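Using our numbering, the first residue of the sequence shown is number 385, and each one after it goes up by one.
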Amino acid sequence: MFKVPKSNINKSILKKELKFLYRLNKALYQDVDESVRLNFNVLGHHYEIPVSILNNYPNTLLGEPKLRANYYDYLKDEFIFDRHPQAFESIITFYLSDGNSLSKPDWMPTEMFYEELKFFRMKSSILTSYYDQEIASMIDIKIIPKNKYKRYLWLVINYSTQDWYSQLMRIIDFILNLIALWTFARDCLSDHRMSQIIYWIEESNGQVFRPIYMLFHLHMYNVCN
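Rendered as structure tokens:
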């Protein structure tokens, strides 16, 4: 039997390896002890969660020991997730409420929160329910014209690509915006705000011409008898 010379054994490395095996074993099987609290690091936000709560949701990323062990850092003795902390808090709140409260953070887009739920492997029933209530109702159904030319024009306007048709449409749109902006600016300039409008005004002694000055940006004056 081959024996390793004691002089070749690095005690510090051996100690680290034993510590690693202990913590890895703890990460895999610590759900046996219901009093254990797990440490989570989600983008610098630290959480301490009783394992007894996570055990109520097996087959999820947080509730399954073997799944969450992939994110275990034995040196820091914590599970590290590069995910959104607010979404993580919503999922933990869902666990704490026995599955009765799942709310999306106000600032987070619906699709992003749905991806977070998928990452943490929430139940398919939860994913389906959330999709039907929050995402399916947001899908905008658009009717495409049947005519070939109208359909192509519709696609160019709504889904512009890099072909010359789309570039031409963008140039035309840019020119129209410039014209509209120039017209608005011209009306606001003091040098162009007055316009002489001549109306026929019927007076007691007959019809005469009388000049009436009006501002473009004011409402049209009504000229009465």
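For each residue, glycine too, the CB sits at the ideal point set by N, CA and C. Predicted model, so just to flag it, every value in this text is computed and none were measured.
*For residue 452, which residues of its own chain have a beta-carbon under 7 angstroms away from its beta-carbon, when the five flanking residues on both sides are left out?*
445, 446, 463
*asked:* DSSP three-state label for residue 584, please.
replied: Legend: pLDDT at residue 584 = 46, less than 50; position of this residue unreliable, value from coordinates given subsequently. If DSSP states are grouped into helix, strand and coil, residue 584 belongs with the strands.
*Measure the alpha-carbon distance for residue 577 versus residue 567 and round it to whole angstroms.*
Residue placement at residue 577 is poorly supported in this model, since its pLDDT is 48, which falls under 50; the coordinates still yield a value, given next. One C-alpha to the other measures close to 12 angstroms.
*In the DSSP assignment, what residue or residues form a beta bridge with residue 457?*
Beta-bridge pairing links residue 457 to 462.
*Assuming residue 514 and residue 486 make a contact with CB atoms under 8 angstroms, what is their CB distance in whole Å?*
7 angstroms
*Are residue 427 and residue 469 closer than 9 angstroms when you measure CB to CB?*
yes
*Beta-carbon gap between residue 500 and residue 471 smaller than 9 angstroms*: Yes.
*asked:* Does residue 435 come out as helix, strand or coil in the three-state DSSP assignment?
replied: In the structure shown, residue 435 sits in a helix (DSSP, three-state: H, G or I).
_Buried/exposed call for residue 498, threshold 16 Cβ in 10 Å_ = Around the Cβ of residue 498, a 10 Å sphere holds 16 or more other Cβ atoms; the residue is buried.
*asked:* I'd like the list of long-range same chain contacts for residue 429, defined as Cβ closer than 7 angstroms, with 5 residues on each side in sequence excluded.
replied: 469
*Where does residue 484 land, buried or exposed, given buried means 16+ other C-beta within 10 angstroms?*
The residue in question, residue 484, is exposed, as its Cβ has fewer than 16 Cβ neighbours within 10 Å.
*Could you pull the start and end residues of the beta strand (DSSP E) that residue 505 belongs to?*
Here residue 505 belongs to no beta strand (DSSP E), and DSSP marks it neither H nor E.
*residue 476 and residue 433 closer than 9 angstroms at C-beta*: yes
*Roughly how many whole angstroms lie between the Cα atoms of residue 360 and residue 442?*
As shown, the chain starts at 385 and ends at 609. That puts residue 360 outside it, with no answer to give.
_Cβ shell of residue 560 (< 7 angstroms), same chain only, five flanking positions each side left out_ = none
_I'd like to confirm the pairing. Which residues does DSSP put opposite residue 354 in its beta bridges?_
Outside the modelled stretch of the chain, which goes from 385 to 609, sits residue 354, for which no answer is possible.
*Is DSSP giving residue 554 helix, strand or coil here?*
helix
*Can you grab the Cα-Cα spacing for the pair residue 588 / residue 569, in whole Å?*
Because residue 588 carries a pLDDT of 47, less than 50, the predicted location of this residue cannot be relied on, and no value is offered for it.
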